[in-house]
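Trainee:
Residue numbers (my numbering), protein chains in the order written: chain W, 34 to 391; chain X, 617 to 919.
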């Protein structure tokens, strides 16, 4: 068992409202990612679950039991800190053994568990070193081993991969997913990296300014963002947003363009809207009935693809194209829009106006 | 024949490159600077040298006029007198030295035991009006201690702490606790709180986390802070002379001062007692000098 449920968490630091009514439900055995920009309250949420900070309001339930007032030690959780927090005066072995020593396991049990963990994470030859003698990736693995050495109710991970270089980060991402599958344990994983969130999560909760914006599977969050902010935060290159309004069977853009009005939208006529278009749903190569005309603004070659910036009116559309695409700035272009995959948001509230069952 | 071979050779063409004009301690140092520094050094060091010299001078040479700087008879009688009474028993001065050791030691331990956990709490927890509290603690050190001598004297008389080592220990600890809190808070701030967070998730209580994980990292800071507290208690004079009167309780500073006065002053004894008094602190500070420097530059100064 290992369910984590937080309800109505509120916490302020001085005048800053770090958590403003955060409610999350982490199912047993899931890889639950809390995604958000820095300052969104992700770490504070995790620390609240761990019991490290006192809350202004709200409750934490672990396995259905109210644990709001429990000491961290009583919660039976393990945590990986962003800066690893390895004890500097102790060897890697002692660091990994610490949770077991705190729980008064026998020396032979500890030795066996540390050995098991170190072979799982390939750190056998580092065990006698101190943290200062370890590289970032090695420290990260020791920190992971310290968390994984027990079988706690749930694992809490606070941006454990942020301090690693890109290659190692991609490796560790796969590794973590593998570990999660083999343990079947509950992971609550905090990150500001949407690629991590989309690639590792069963469930993603998107957080902004201490409020939960959306909870769902990675596909749901990407394909059906609940609001304009989530649409903009998730996805790379970022979604392009065009100001427009609906009139009859047409969408009329602030820049003068028109498109057929999508059937799926619940938008009312005349309301200020934002049309959200992802780069992969736009094309400068195919032809379709829904298209926008603009001029080439710039090219961003990314190796496997090129992002073409197209100026439509005064707004820039990011269009995904083949890496071989060429052009000169100022050149006229037709951008074909896959309207079935577009998003409409209310310009005032930012809420999605796509019909739920699309 | 005043010029040595080395000087004669080094004056030769080998030195036609110009040395850096103002290298530290170099030959380019202006003469005026050297003169001023020499004068300063003499002014600063003369009392110390004179004290050491007097402590090993024969009594006749101590009072000799004109004063004898070099050709005096060396004797260790004064040092013997510091520790041994004329009747062969233990001298009053040696008792006061012992009192100083007890009072300074215990008050330092007390201030450290109280101050370090307080510093930790001020560093780690959000408290109501934390800054005001810290300012209040610091403000107790704003006034010169002399200001409260009379009130303390009156209060001590009421509760029977006059002329007791406990009384001195308490007052020194009271003066050292604010200092300890402030200095130690700097050190605790330097130790990331995450170690304790991690320890608590490992299954330790908050106090265990402090005791097993943070405290070992604070040892250099505690050493530096304790030395400063110890030096304060060791040297303290005003409270010692006001609050104690008997030879059994009196600490060394008032005891040494008490040697001066009366019709004749045994300067040799005074000097020897002063040397004995100065030595422990010098030796101790020398032993922990590494921590002292680390303490002054790392802990007390906020980054």
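For every residue, glycine included, the Cβ atom is placed at its ideal position computed from N, Cα and C.
All values derive from a computational prediction rather than experimental measurement.
Buried or exposed: residue 662(X), going by 16 or more other Cβ atoms within 10 Å of its Cβ?
Mentor: Here residue 662(X) is taken as the residue at index 46 of the second chain, counted from 1. Residue 662(X) should be labelled exposed.
Trainee: Tell me which residue opens and which closes the alpha helix (DSSP H) that residue 647(X) is part of.
Mentor: Here residue 647(X) corresponds to residue number 31 of the second chain, with the count starting at 1. Where residue 647(X) is concerned, the enclosing alpha helix (DSSP H) stretches over 647 to 671.
Trainee: Would the beta-carbon of residue 67(W) fall within 8 Å of that of residue 193(W)?
Mentor: Your numbering for residue 67(W) matches position 34 in the first chain. Your numbering for residue 193(W) matches position 160 in the first chain. In this structure, residue 193(W) does not lie closer than 8 Å to residue 67(W) by Cβ.
Trainee: Restricting to runs no shorter than 4 residues, where is the alpha helix (DSSP H) found entirely within the stretch 153 to 188 of chain W?
Mentor: Entirely contained in the stretch 153 to 188 of chain W, the alpha helix (DSSP H) runs reaching 4 residues are, in chain order, 169 to 181.
Trainee: For the stretch 107 to 120 of chain W, enumerate the residues whose C-beta is nearer than 7 Å to any C-beta of chain X, in chain order.
Mentor: So the close ones are 110, 111, 112, 114, 116, 118 and 120.
Trainee: Which same chain residues, not among the five before or five after residue 69(W), have their C-beta less than 7 Å away from its C-beta?
Mentor: The residue you call residue 69(W) lines up with position 36 of the first chain. Excluding sequence neighbours, residue 69(W) sits near 75, 225, 239, 240 and 241.
Trainee: From the DSSP output, which residues share a beta bridge with residue 50(W)?
Mentor: As a working note, residue 50(W) is residue 17 in the first chain. 45(W).
Trainee: Please determine, among 794(X), 716(X) and 685(X), the residue with the shortest C-alpha to C-alpha distance to residue 781(X).
Mentor: Numbered from 1 along the second chain, position 165 holds the residue referred to as residue 781(X). Comparing Cα-Cα distances from residue 781(X) to each of 794(X), 716(X) and 685(X), the minimum goes to 716(X).
Trainee: Just the Cα atoms here: how many angstroms apart are residue 40(W) and residue 343(W)?
Mentor: If you number the first chain from 1, residue 40(W) lands on position 7. If you number the first chain from 1, residue 343(W) lands on position 310. The alpha-carbon atoms of residue 40(W) and residue 343(W) are separated by roughly 44 Å.
Trainee: Considering only the beta carbon of each residue, do residue 197(W) and residue 190(W) sit closer than 8 Å?
Mentor: Your numbering for residue 197(W) matches position 164 in the first chain. Your numbering for residue 190(W) matches position 157 in the first chain. Not in contact: residue 197(W) and residue 190(W) (Cβ atoms no closer than 8 Å).
Trainee: Just the chain X side, please: which residues come within less than 7 Å of residue 105(W) by C-beta, in chain order?
Mentor: Numbered from 1 along the first chain, position 72 holds the residue referred to as residue 105(W). 816 and 817, listed in chain order.
Trainee: Quick one, which of 300(W), 314(W), 370(W) and 338(W) has its alpha-carbon nearest residue 383(W)'s?
Mentor: By one-based count along the first chain, residue 383(W) stands at place 350. For the residues 300(W), 314(W), 370(W) and 338(W), the minimum Cα distance to residue 383(W) belongs to 300(W).
Trainee: My guess is that residue 162(W) and residue 118(W) are in contact by the Cβ rule of under 8 Å, so how many angstroms apart are they, rounded?
Mentor: On the first chain, residue 162(W) is found 129 positions in, with the first residue counted as 1. On the first chain, residue 118(W) is found 85 positions in, with the first residue counted as 1. With 8 Å as the limit, residue 162(W) and residue 118(W) do not qualify as a contact, their Cβ atoms being about 17 Å apart.
Trainee: List the residues of chain X whose Cβ lies closer than 7 Å to the Cβ of residue 132(W), in chain order.
Mentor: For the purposes of this step, residue 132(W) is identified with residue 99 of the first chain, where counting begins at 1. Residues of chain X passing the Cβ test: 818 and 819.
Trainee: Quick check on residue 637(X): does DSSP put it in helix, strand or coil?
Mentor: Within the second chain, the letter at position 21 stands for residue 637(X). Because residue 637(X) carries a pLDDT of 49, less than 50, the predicted location of this residue cannot be relied on, and no value is offered for it.
Trainee: By the three-class DSSP mapping on this structure, what secondary structure does residue 285(W) have?
Mentor: Here residue 285(W) refers to the residue found at position 252 when the first chain is read from its first residue. Here residue 285(W) sits in strand by DSSP.
Trainee: Looking at residue 701(X) and residue 871(X), is the spacing between their C-beta atoms short of 8 Å?
Mentor: Numbered from 1 along the second chain, position 255 holds the residue referred to as residue 871(X). Numbered from 1 along the second chain, position 85 holds the residue referred to as residue 701(X). No.
Trainee: Please confirm if residue 329(W) has its CB atom under 8 Å from at least one CB of chain X.
Mentor: Translated into positions along the first chain, residue 329(W) becomes position 296. False, the Cβ-Cβ gap to chain X never drops below 8 Å.
Trainee: Taking residue 355(W) as part of the alpha helix (DSSP H), name the residues at either end of that continuous run.
Mentor: What you label residue 355(W) is simply residue 322 of the first chain in a count that begins at 1. First-last for residue 355(W): undefined, no H or E at that position.
Trainee: Which term fits residue 689(X), buried or exposed, when burial requires 16 or more other beta carbons within 10 angstroms of its beta carbon?
Mentor: The residue given as residue 689(X) occupies position 73 in the second chain. Its Cβ having fewer than 16 others within 10 Å, residue 689(X) is exposed.
Trainee: For chain X, find out if any of its Cβ atoms is closer than 8 Å to the Cβ of residue 136(W); answer yes or no.
Mentor: Within the first chain, numbered from 1, the residue matching residue 136(W) stands at position 103. Output row for residue 136(W): interface = yes.
Trainee: By the criterion of Cβ-Cβ separation under 9 Å, what are the contact partners of residue 813(X) in chain W?
Mentor: As a first step, residue 813(X) is located in the second chain; it is residue number 197 there, counting from the start. What residue 813(X) touches in chain W: 80, 83, 85, 105, 112, 114 and 118.
Trainee: Which runs of the beta strand (DSSP E), 3 residues or longer, sit entirely within the stretch 775 to 828 of chain X?
Mentor: The qualifying runs do not exist here; there are none.
Trainee: Would you say residue 317(W) and residue 368(W) are within 8 Å of each other, going by their C-beta atoms?
Mentor: Stepping through the first chain from its first residue, residue 317(W) is reached at position 284. Stepping through the first chain from its first residue, residue 368(W) is reached at position 335. Closer than 8 Å, so yes.
Trainee: When you compare each of 53(W), 91(W), 90(W) and 215(W) to residue 150(W) by their alpha carbons, which one comes out closest?
Mentor: For the purposes of this step, residue 150(W) is taken as residue 117 along the first chain, with counting starting at 1. It is 215(W) whose Cα lies nearest to the Cα of residue 150(W).
Trainee: Inspect the beta-carbon positions of residue 178(W) and residue 219(W) and report whether they are closer than 8 Å.
Mentor: What you label residue 178(W) is simply residue 145 of the first chain in a count that begins at 1. What you label residue 219(W) is simply residue 186 of the first chain in a count that begins at 1. Not in contact: residue 178(W) and residue 219(W) (Cβ atoms no closer than 8 Å).
Trainee: Give the residues of chain X in contact with residue 122(W), contact being defined as C-beta atoms less than 9 Å apart.
Mentor: The sequence position of residue 122(W) within the first chain is 89, counting from 1. Residues of chain X passing the Cβ test: 829, 832 and 833.
Trainee: Just confirm the distance between the C-beta atoms of residue 87(W) and residue 100(W), as a whole number of angstroms; I'd bet it's less than 8 Å.
Mentor: Sequence index remark: in the first chain, residue 87(W) carries index 54 (1-based). Sequence index remark: in the first chain, residue 100(W) carries index 67 (1-based). Going by Cβ atoms, the distance from residue 87(W) to residue 100(W) rounds to 14 Å, so no, they are not a contact pair.
Trainee: Looking only at its own chain, which residues have a Cβ that is under 8 Å from the Cβ of residue 651(X), when we skip the five neighbours before and after it?
Mentor: Residue mapping note: residue 651(X) aligns to position 35 of the second chain, counting from 1. There are no such residues.
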